[in-house]
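Asks: Just so we're aligned, residue 48 is where the sequence shown starts under the numbering used here, counting upward by one.
From the three backbone atoms N, C-alpha and C, an ideal C-beta is built for every residue, glycine too.
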Amino acid sequence: GGSAGRILSARCADAVGVQAVFAVLIFVTALVDVVLPWVIEYASALYVYGFVVGTTAGGIIALTTPMARTCLTDTSGLPQASGAVYSSMAAGVVAGPVLVGLVRDQI
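#1: If I follow the unbroken alpha helix (DSSP H) through residue 134, where does it start and stop?
#2: Look at the Cβ atom of residue 105, then the Cβ atom of residue 49, and state whether they are nearer than 7 Å.
#3: Using the C-alpha atoms, what's the distance from residue 96 back to residue 52?
#4: Let me know if residue 72 comes out buried or exposed under the rule of 16 or more other beta-carbons within 10 Å of its beta-carbon.
#5: Which class does residue 87 belong to by DSSP, given the choice of helix, strand or coil?
#6: Could you tell me the alpha carbon to alpha carbon distance between residue 151 and residue 62, rounded to whole angstroms?
Here is the structure:
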């Protein structure tokens with residue numbers, strides 16, 4: 048789903064613009080996140096949730112750096128911006144599961 052989301056979002060971004068596609072991806076991800084508590088009892092809903100979030104997350108990740116960089120300045124510093132964005136996510140990716148495990152153990 049992630050690779051398909053990246054490819055599809057890139058094609059759509061070329062056609063209609065990065066900001067519009069990014070906004071739609073954020074909206075769809077937020078919508079399924081809000082609906083999830085009401086449909087979590089159905090196994091099929093979890094499959095749909097996993098597919099939708101997996102696909103949209105790939106597109107969001109693929110479009111975040113180019114959109115931020117081109118909105119702020121030109122595209123000459125895009126590789127450095129990509130490195131900064133992905134490096135800044137490393138702390139959350141490493142610490143997130145540990146912190147959630149600690150919270151889960153306390154509850």
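Replies: The short version:
#1: Start and end: 125-153.
#2: Contact check for residue 105 against residue 49 passes: the beta carbons are separated by less than 7 Å.
#3: Residue 52 and residue 96: Cα-Cα distance of roughly 14 Å.
#4: Buried, because 16 or more other Cβ atoms sit within 10 Å of the Cβ of residue 72.
#5: DSSP, read as helix, strand or coil, puts residue 87 in coil.
#6: Their backbone Cα atoms lie some 44 Å apart in a straight line.
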